[in-house]
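Quick notes on the structure that follows.
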Amino acid sequence: MIREQKENSPELKTFIRDHKDLFWYIKEEAKERISLEFLIETILNYGTLNDVKKMFELIGFKKTAEIFFKQSSRERNSYLPKVKNYFTLYFNRHAQRNTSTITS
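Given below as structure tokens:
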């Protein structure tokens, strides 16, 4: 959930602060350090359409799709079944991806 990574950009920190209610169970001082993987998973599962659009702008559509496919291909993942199905179909249609780099 919270991994040591490069510091999130100021724009991502602002985005996280604006959506802090989605991360209610994370200590306030740790929220801005959440991983991109956790941010994407949370916004796709619980965010609004506008939240998803803004996240695409901040992280990038292709990078979001890559992270989603990497996470959702794991046997155990935290995506809600309907969310996983929807974004699998959505990204397959709209994101160019190299399937040889994605492991099942």
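Residue numbering for the sequence shown follows the working numbering, starting at 78 and increasing by one per position.
No residue lacks a Cβ here, since even glycine has one placed at the ideal position from N, Cα and C.
None of the values given here were measured: they were computed from a predicted structure.
* To do: From the DSSP output, in three-state form, read off Tyr156 for me.
  => The residue given as residue 156 occupies position 79 in the sequence shown. Three-state result, Tyr156: coil.
* How far does the alpha helix (DSSP H) with Tyr182 in it reach, from first residue to last? -> Nothing can be reported for residue 182, as the shown portion of the chain is limited to 78 through 181.
* Does DSSP put Ala172 in a helix, a strand or coil? -> One-based indexing of the sequence shown puts residue 172 at position 95. Three-state result, Ala172: coil.
* Does DSSP put Lys97 in a helix, a strand or coil? -> Here residue 97 corresponds to residue number 20 of the sequence shown, with the count starting at 1. DSSP places Lys97 in helix when its eight states are reduced to three.
* What residues in its chain sit with their C-beta under 6 Å from that of Glu88, if we drop five residues either side in the sequence? -> Within the sequence shown, residue 88 is the residue found at index 11, counting from 1. Leu135, listed in sequence order.
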